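There are 2 protein chains.
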Amino acid sequence: MQIIKNIPRQKWSELCKRPEFETNKLINIVDEIFSNVKLSGDDAIKFYTEKFDSIALNNIVLKEEEFKSQSQKIPVELKAAIKQAKTNIEKFHMAQIRNPIKVETAPGVFCWQEYRPIQKVGLYVPGGSAPLFSTVLMLAIPAKIAGCKEIVLCTPPNKNGNIPAPILYAAQLTGVTKIIKAGGIQAIAAMTYGTKSVPKVFKIFGPGNQYVTQAKLKAFSEGTAIDFPAGPSEVLVLADNTANPEFVAADLLSQAEHGSDSQVVCLSNSLEFLERVIENIEVQLSALPRKEIARNSLNNALFLFSASADETIDFINEYAPEHLIISVEDETPYLKNIQNAGSVFVGNYSPESAGDYLSGTNHTLPTNGNAKSYGSLGLDDYTKKISFQRIEKKGLVEIGNSIQVMANAEGLEAHAKAVAIRLNEHSMID
Amino acid sequence: MQIIKNIPRQKWSELCKRPEFETNKLINIVDEIFSNVKLSGDDAIKFYTEKFDSIALNNIVLKEEEFKSQSQKIPVELKAAIKQAKTNIEKFHMAQIRNPIKVETAPGVFCWQEYRPIQKVGLYVPGGSAPLFSTVLMLAIPAKIAGCKEIVLCTPPNKNGNIPAPILYAAQLTGVTKIIKAGGIQAIAAMTYGTKSVPKVFKIFGPGNQYVTQAKLKAFSEGTAIDFPAGPSEVLVLADNTANPEFVAADLLSQAEHGSDSQVVCLSNSLEFLERVIENIEVQLSALPRKEIARNSLNNALFLFSASADETIDFINEYAPEHLIISVEDETPYLKNIQNAGSVFVGNYSPESAGDYLSGTNHTLPTNGNAKSYGSLGLDDYTKKISFQRIEKKGLVEIGNSIQVMANAEGLEAHAKAVAIRLNEHSMID
Chain B
1 MQIIKNIPRQ
11 KWSELCKRPE
21 FETNKLINIV
31 DEIFSNVKLS
41 GDDAIKFYTE
51 KFDSIALNNI
61 VLKEEEFKSQ
71 SQKIPVELKA
81 AIKQAKTNIE
91 KFHMAQIRNP
101 IKVETAPGVF
111 CWQEYRPIQK
121 VGLYVPGGSA
131 PLFSTVLMLA
141 IPAKIAGCKE
151 IVLCTPPNKN
161 GNIPAPILYA
171 AQLTGVTKII
181 KAGGIQAIAA
191 MTYGTKSVPK
201 VFKIFGPGNQ
211 YVTQAKLKAF
221 SEGTAIDFPA
231 GPSEVLVLAD
241 NTANPEFVAA
251 DLLSQAEHGS
261 DSQVVCLSNS
271 LEFLERVIEN
281 IEVQLSALPR
291 KEIARNSLNN
301 ALFLFSASAD
311 ETIDFINEYA
321 PEHLIISVED
331 ETPYLKNIQN
341 AGSVFVGNYS
351 PESAGDYLSG
361 TNHTLPTNGN
371 AKSYGSLGLD
381 DYTKKISFQR
391 IEKKGLVEIG
401 NSIQVMANAE
411 GLEAHAKAVA
421 IRLNEHSMID
Chain P
1001 MQIIKNIPRQ
1011 KWSELCKRPE
1021 FETNKLINIV
1031 DEIFSNVKLS
1041 GDDAIKFYTE
1051 KFDSIALNNI
1061 VLKEEEFKSQ
1071 SQKIPVELKA
1081 AIKQAKTNIE
1091 KFHMAQIRNP
1101 IKVETAPGVF
1111 CWQEYRPIQK
1121 VGLYVPGGSA
1131 PLFSTVLMLA
1141 IPAKIAGCKE
1151 IVLCTPPNKN
1161 GNIPAPILYA
1171 AQLTGVTKII
1181 KAGGIQAIAA
1191 MTYGTKSVPK
1201 VFKIFGPGNQ
1211 YVTQAKLKAF
1221 SEGTAIDFPA
1231 GPSEVLVLAD
1241 NTANPEFVAA
1251 DLLSQAEHGS
1261 DSQVVCLSNS
1271 LEFLERVIEN
1281 IEVQLSALPR
1291 KEIARNSLNN
1301 ALFLFSASAD
1311 ETIDFINEYA
1321 PEHLIISVED
1331 ETPYLKNIQN
1341 AGSVFVGNYS
1351 PESAGDYLSG
1361 TNHTLPTNGN
1371 AKSYGSLGLD
1381 DYTKKISFQR
1391 IEKKGLVEIG
1401 NSIQVMANAE
1411 GLEAHAKAVA
1421 IRLNEHSMID
């Protein structure tokens, strides 16, 4: 772990690069699995589940009884924690409910916008070494608040063919309507095309590895909306001498333990501070169960020194981190001028793990520089804006001539005539 | 033009199908042009512009002087109409500005959400027989209101190498910052990768033919956000005996004249009304300059009879039309229960062409059934939601235990430690 000083701007884009995957190989696998799922439906899903998850299933839909009974088999303390998380996440996402917008744009021309839920949504929750029940909360709570009717959850079964109880608990608590024991590319394909057991959904949400991400891109090109493409998780910590190097080290490690490809960046205007962070990382690292993973990730970590606040802001906007922690004496200029970031954590007592689990903000965030174009997942992502307009006769008189002028200038005479035929109706103004 | 009665539900999905394109061929062309633009930048754009638009350009960037002088060369009446349109569109999109959301989700846990503009956006305006300056208004006005810094517009030059004056006028009025004389796949590729002349943008907006749509899907898979995939334009008119069959016929024709692949649907609970609409279409059609195009489109038009309001609502939701015109005695049940539509026009004096040009709503809308997952283009699409949180010490005490319980249950011990290290800091509660 080395500190980099005075990086010239022309090298920033290089520094901000995230790891790239060999997508050509991925595309071939994804295309193959998608065509087989499209052709053979449930049978193809079972085939790939046996191949990749090493379990032969008779039925890929979780039975209602199993859902009810298994979901209760988790420690009382964990239940309480999940409930507390649900309360906070609900509060933050309920606050995102929008009232219709109504405007009389011209006399007698009434335009409004309303929000309607996407009727069928598909949530993807990855498998792996531990059950990611927090992702269930983050994906399902806004779906429920938005009023989505069908909330389908796909997650890979373990080697016994079961779904971990904490995932079922979170799913039951949040109103998931159907659970499919399927993961990976085959799960995304199933929700894209629909099979006998899996409903075709209108939008797919959720994180995943490079296979799942490539599958979501395929789903998108096949006409199914997606939240956004996901990549390895990232944190950028901006800290000065007023921050606590122990805390900063802990935050960097909590990112680094996600995976060897996790992206960790620490920026400071104090060389001494950066050195103390690195020392603290070494001390804390040895005590972690996932220290190997964390060390691999830290090998690519960036420790950057910059004395200029303006340069720092520009660099952060260029990097566009998924998570941004700001622990500095005066955060005002940063809060005002940061344009590209997914979720921002302010102050010494706002660790990223608070947002990952329990403060209420969504942990589904744009990675890989995508914070330049995408924001945090939220209620909006589960709704559609529908425009409405009601034009009175006098309103059409008001705007009708201009409509005809514009339509004719665009060579669309029938557009003009749809107005003229109304304006010419005997005496227009009653 | 025939009336269809009593369609069984199992045939709806067939009826709702839109024309499909042979994408495999498209994908190959798109891939080739994208790699050449990535490799050769401006030279590749010029090559394809000469090949497809039959004009050899020395410079693909419109010069500032040309922008200023050419943009004024349009009739006074058209200038006035465009200005009136701008006023209304601005009003409706200004009303979409959102205030930050702030919530104290738990004592001492402050979460908020703010909206920041996407810094660089690319607008695509197709060429063709007439200059689509209305599309410039619809794409650029929300970009300007959102505060996007760079607003790049790509549109194909005509055979003299010029951009039509009405497009330049609309672009100047709305604050477009750069105009590129390039269209088709090469324009989308240029905005995806960036070239010497064309800035790499973070999100691409705008309609286009099947080549442009496929190019936008490619841009998306290359990491550039897009508004949504576009297909041929559509209208569904729902009308009963209280509607005016002349008006309805004019509305259907105004959709049909867009292109041979335009989708036209008329639904009524009155057979007689449907018959009168068809008669009126025949009468009006012969007088249209674009009658050949309109007739081709009308060959695939659907005239559907249904006596049941519930069935009608279900069918509309299944079809998910881009434009929905409702001219019935009591529209209340429809307005309440329509879930999937892009833009809804209510009453006898709200023709689609009002929304296409001047009422204030956006005419960039989801086609091809995409209204199930996407809404009308609006201000949101030019901004990102950023989450923020500031947790006080007492807030972390409040939620810290649950964070640790959840992090440990997910096997992410460093996540738990980032909280523990803060909670264990000498006396936590000051």
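Protein sequence lines, in the order shown, are assigned to chains B and P.
Per the numbering used here, residue 1 is the first one in the first sequence, and the count goes up by one each step.
Per the numbering used here, residue 1001 is the first one in the second sequence, and the count goes up by one each step.
C-beta: ideal position from N, C-alpha, C; glycine also.
Computed from a predicted structure; not experimentally measured.
- Secondary structure note for Y1115/P: it is in no alpha helix (DSSP H), and the uninterrupted beta strand (DSSP E) holding it is 1109-1117.
- Taking L153/B as the centre and dropping the five residues before and after it, the same chain places the C-beta of L123, A171, V176, I179 closer than 6 Å to its C-beta, in chain order.
- Taking the Cβ atoms as the reference, S1350/P lies roughly 11 Å from A1243/P, outside the contact range of under 8 Å.
- Each of A1320/P, R1390/P, S1402/P was checked against the Cα of V1109/P, and the nearest Cα belongs to R1390/P.
- Between G1223/P and Y1048/P, the C-beta spacing is not below 8 Å.
- Around the CB of R276/B, 16 or more other CB atoms lie within 10 Å, so the residue is classed as buried.
- Straight-line measurement puts the Cα of G208/B at about 20 Å from the Cα of S373/B.
- In the structure shown, the three-state DSSP call for I1399/P is helix.
- S134/B has its alpha-carbon roughly 23 Å from the corresponding atom of K1393/P.
- Considering only beta carbons, the part of the region 127-143 of chain B lying closer than 8 Å to chain P consists of S129, A130, P131, L132, F133, S134, in chain order.
- Each residue's CA atom was taken as its position, placing N1317/P and K1017/P some 13 Å apart.
- In this structure the region 1232-1250 of chain P touches the region 1258-1278 of chain P; the number of beta carbon pairs closer than 8 Å is three or more.
- Note on P166/B: 16 or more other CB atoms within 10 angstroms of its CB, so buried under the neighbour-count rule.
- Against R1290/P, the close residues of chain B are G411, L412, E413, A414, in the order they occur along the chain (beta-carbon pairs closer than 9 Å).
- With a threshold of 8 Å between beta carbons, T1364/P makes no contact with chain B.
- Taking a C-beta distance under 8 Å as the contact criterion, I1293/P and E1322/P do not qualify as a contact pair.
- The beta-bridge partner set that DSSP reports for E1234/P consists of Q1263/P.
- Residue contact with chain P for G184/B: absent (no Cβ-Cβ distance below 8 Å to any residue of chain P).
- Between N88/B and chain P, the shortest Cβ-Cβ separation is below 8 Å.
- Taken atom to atom, the span from the alpha-carbon of A1354/P to that of A1081/P is near 12 Å.
- Contact between the region 208-222 of chain B and the region 181-200 of chain B is present: three or more C-beta pairs spanning the two stretches fall below 8 Å.
- When the beta-carbon positions are compared, P232/B and T367/B come within less than 8 Å of each other.
- Residue state for S54/B is assigned as coil, using DSSP reduced to three classes.
- Taking the C-beta atoms as reference points, V264/B is found nearer than 8 Å to L298/B.
- Taking 8 Å as the CB threshold, D251/B lines the interface with chain P.
- Within the region 372-394 of chain B, the residues whose Cβ lies closer than 8 Å to some Cβ of chain P are K372, S373, Y374, G375, S376, G378, D380, T383, K384, K385, I386, S387, F388, Q389, R390, I391, E392, K393, listed in chain order.
- In the DSSP assignment, R390/B forms a beta bridge with F110/B, V1346/P.
- DSSP, reduced to helix, strand and coil, places T383/B within a strand of the structure shown.
- CA-CA distance, D227/B to L377/B, rounds to 8 Å.
- Taking one beta carbon from each stretch, the region 1115-1130 of chain P and the region 1085-1096 of chain P have fewer than 3 pairs nearer than 8 Å; the two do not touch.
- Minimum Cα-Cα distance from I1145/P among the listed residues A1056/P, Y1382/P, S1013/P corresponds to Y1382/P.
- Counting along the chain, the unbroken alpha helix (DSSP H) around S1254/P starts and ends at 1245-1256.
- Counting only residues of its own chain and dropping the five nearest sequence neighbours on each side, A320/B has a CB closer than 6 Å to the CB of N340, G369, A371, K372.
- Neighbours of F1092/P in chain B, taken as residues at a C-beta separation under 7 Å, are given in chain order as V103, T105, C111.
- V121/B and V136/B do not touch by the CB rule: their CB atoms are close to 13 Å apart, not below 8 Å.
- In the structure shown, the three-state DSSP call for I33/B is helix.
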